[in-house]
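Each remark here refers to the structure printed beneath this line.
There are 2 protein chains.
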Amino acid sequence: MNKGEQTRIAILEAALAQASEAGFESLTIGSLAERAGMSKSGLFAHFGSREELQVAAIGMAAGRFAEAVFVPALHHPRGLPRLRALFDNWLEWTVRSGLAHGCPMQAAAVEFDDRPGPVHDAVVGHYARLEQSIARAVELAVDEGHLRADLDIGQFVFDLIGIVFAYYHQNRLMHRDSATLRARTAFARLVDAASPAP
Amino acid sequence: MNKGEQTRIAILEAALAQASEAGFESLTIGSLAERAGMSKSGLFAHFGSREELQVAAIGMAAGRFAEAVFVPALHHPRGLPRLRALFDNWLEWTVRSGLAHGCPMQAAAVEFDDRPGPVHDAVVGHYARLEQSIARAVELAVDEGHLRADLDIGQFVFDLIGIVFAYYHQNRLMHRDSATLRARTAFARLVDAASPAP
DNA sequence: GAAAAATACGAACGATCGTGCTTATTGTCA
DNA sequence: TGACAATAAGCACGATCGTTCGTATTTTTC
């Protein structure tokens, strides 16, 4: 690998850590350079602008997310087991990826939900792909007969997103230890309501 | 009312609009002064620091929230009707309060979930009171016999938060028109599962 | 209406912002 | 190893950041 690429990765690594702690708006060239142990101009040369840096960081986060959530879930058999794995990985992915201070993607989602531009588009794209992948996994569970054939998949995905977001809120902001149990309980109820009639 | 107080309110009004559009981190003295139509120093004099301004803005948002969500809900009979009103108002409160670009409280929650300080504490305090008020409304619904006596109220509140957060995500970031219907469907299912056995 | 108090402004501060340049250092390949 | 390309640093820029201070203006009070 080129030297340039690996420092670029190191920079984005630092950027994700920073974004996890204090949001994407806190991604300034100066503070990031200090964290990465290099000069402002040296860091800046890897990206044409701050905005491109932010977009690259979003892409990096999306890659990490896929690695931590989707890849390991593929080792579980399709259907409900894989769906469960997806859910569990989704809950724990920030911690498992060394981003213990919150999901950077969620931070970007809130900060850029109404600011058009490449960063906004990157975030929307990530969540669109995420929703689609989840929907696909639910579809497989229906095909396998693990879930009802007449299930409203879009509604199922909506409910799932709600559980995860509530979990992050209760866990990260409110520091409620009960969050994990609550999320699992909610998931169990969701699956139960979507199960085939006996 | 003092002249000072009313300009202070006007400033905080502008601050909420700004925070709704681009988050609390974007609340700079300069841009806010321009939006409020006064000088930086003149604006600054109303608050000892930027942090105090942010805390005051959180307080203002909390007040607006209570006005838009809780006060009108009290006009509905206690129990399920009031709970429904709370839910509906919660979904629509930003639009109804002129903060059409997103919930400033949610922005603050994500931006300050891991940054200790007065702003963090203010946000946590708001959500703690919010949870408690919702829990009280659920409790009343149980007392009225509208919901099961053995209902896990904490879990119910968790689920409700999830629905609202998923709604804001789908509505504001993803611009899905289906978000409202999805949220209402999820709420109906939540209430149904919590209803007394027939 | 005059005196006192509250409020707003203008200018300036050191620091940091994002972003260009130019120069040195380093890595890569013939 | 030498030549060339890639990468990092140094420095400087205009702008803006939060904040302070002295002064002008307005509001309140007597």
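These protein sequences, in sequence, are chains Y and C. Take the first sequence: its position 65, counting from 1, is numbered 65 in this note's numbering, and each next residue is one higher. Take the second sequence: its position 102, counting from 1, is numbered 1102 in this note's numbering, and each next residue is one higher. Glycine is no exception: its CB is placed at the ideal position from the N, C-alpha and C atoms.
Exposed is the label assigned to Ala1149 (chain C), since fewer than 16 other Cβ atoms lie within 10 Å of its Cβ. Using a Cβ-Cβ cut-off of 7 Å, Ala109 (chain Y) counts as an interface residue toward chain C, since at least one Cβ of chain C sits closer than that to its own. The Cβ-Cβ distance between Val110 (chain Y) and Ala1057 (chain C) does not fall below 7 Å. With a contact defined as Cβ atoms closer than 8 Å, Ala1186 (chain C) and Phe158 (chain Y) qualify at about 7 Å. Among the CB atoms of chain C, one or more fall inside 7 Å of the CB of Thr185 (chain Y).
Across the set Y:His46, Y:Ser41 and Y:Ser20, the C-alpha of Y:His46 shows the shortest separation from the C-alpha of Asn2 (chain Y). Tyr1167 (chain C) is positioned such that its CB atom lies closer than 7 Å to that of Ala1183 (chain C). Three or more beta-carbon pairs drawn from the stretch 1013-1022 of chain C and the stretch 1081-1101 of chain C are found closer than 8 Å, and the two stretches are therefore classed as touching. Straight-line measurement puts the Cα of Phe1087 (chain C) at about 13 Å from the Cα of Val1071 (chain C). Under the 7 Å criterion on CB atoms, Asp1150 (chain C) is classed as non-interfacial with respect to chain Y. For His169 (chain Y), the secondary structure class from DSSP, reduced to helix, strand or coil, is helix. At a Cβ-Cβ threshold of 7 Å, Ala10 (chain Y) and Leu83 (chain Y) do not count as neighbours. One alpha carbon belongs to Asn89 (chain Y), the other to Asp1152 (chain C), and they sit about 26 Å apart. Taking 7 Å as the upper bound on Cβ-Cβ separation, chain C lies near residues Glu21, Ala22 and Gly23 of the stretch 6-24 of chain Y.
Take Ser1041 (chain C), set aside five residues on each side of it, and no residue of its chain has a beta-carbon closer than 8 Å to its own. Judged by DSSP in its simplified three-state form, His1126 (chain C) adopts helix. DSSP places Arg1148 (chain C) outside any alpha helix (DSSP H), giving it a letter other than H or E.
Here the alpha carbon of Gly79 (chain Y) sits roughly 14 Å from the alpha carbon of Phe156 (chain Y). When secondary structure is reduced to three states using DSSP, Ala109 (chain Y) falls in the helix class.
Residues of chain C whose Cβ lies closer than 8 Å to the Cβ of Ala193 (chain Y) are, in chain order, Arg1189 and Ala1193. Across the structure, Gly4 (chain Y) and His1120 (chain C) are spaced so that their CA atoms are roughly 38 Å apart. By the Cβ-count criterion, Gln1054 (chain C) is buried, with 16 or more other Cβ atoms from all chains shown falling within 10 Å of its own Cβ.
Taking 7 Å as the cut-off, the Cβ atoms of Trp93 (chain Y) and Ala61 (chain Y) do not count as close. Annotation: Cβ neighbours of Leu173 (chain Y) in chain C (cutoff 9 Å, chain order): Ala1109, Val1110, Phe1112, Asp1113, Asp1114, His1120, Val1123, Val1124 and Tyr1127.
Per DSSP, Val1055 (chain C) is one residue of the alpha helix (DSSP H) stretching across Arg1050 to Phe1065.
Within 10 angstroms of the beta-carbon of Asp192 (chain Y) lie fewer than 16 other beta-carbons, which makes it exposed.
Within chain Y, the C-beta atoms nearer than 7 Å to that of Gln1170 (chain C) come from Phe158, in chain order. For Phe24 (chain Y), no alpha helix (DSSP H) run applies, since DSSP gives it neither H nor E. Per DSSP, the continuous alpha helix (DSSP H) segment holding Pro1081 (chain C) begins and ends at Leu1080 to Arg1096. Taking a Cβ-Cβ cut-off of 9 Å, the neighbours of Gly102 (chain Y) in chain C comprise Val1110, Asp1113 and Asp1114, given in sequence order.
Distance from the CA atom of Phe112 (chain Y) to the CA atom of Ile1161 (chain C), rounded to whole angstroms, is 22 Å. Around the Cβ of Ala1073 (chain C), a 10 Å sphere holds 16 or more other Cβ atoms; the residue is buried. For Gly1117 (chain C), no chain Y residue has a Cβ inside 9 Å of its Cβ, as the nearest lies near 12 Å away. Under the 10 Å beta carbon count, His1075 (chain C) is surrounded by fewer than 16 other beta carbons and is classified as exposed. Per DSSP, the unbroken alpha helix (DSSP H) holding Val1191 (chain C) starts and ends at Ala1179 to Ala1194.
Contact residues of the stretch 1042-1057 of chain C toward chain Y are absent (C-beta to C-beta distance below 7 Å).
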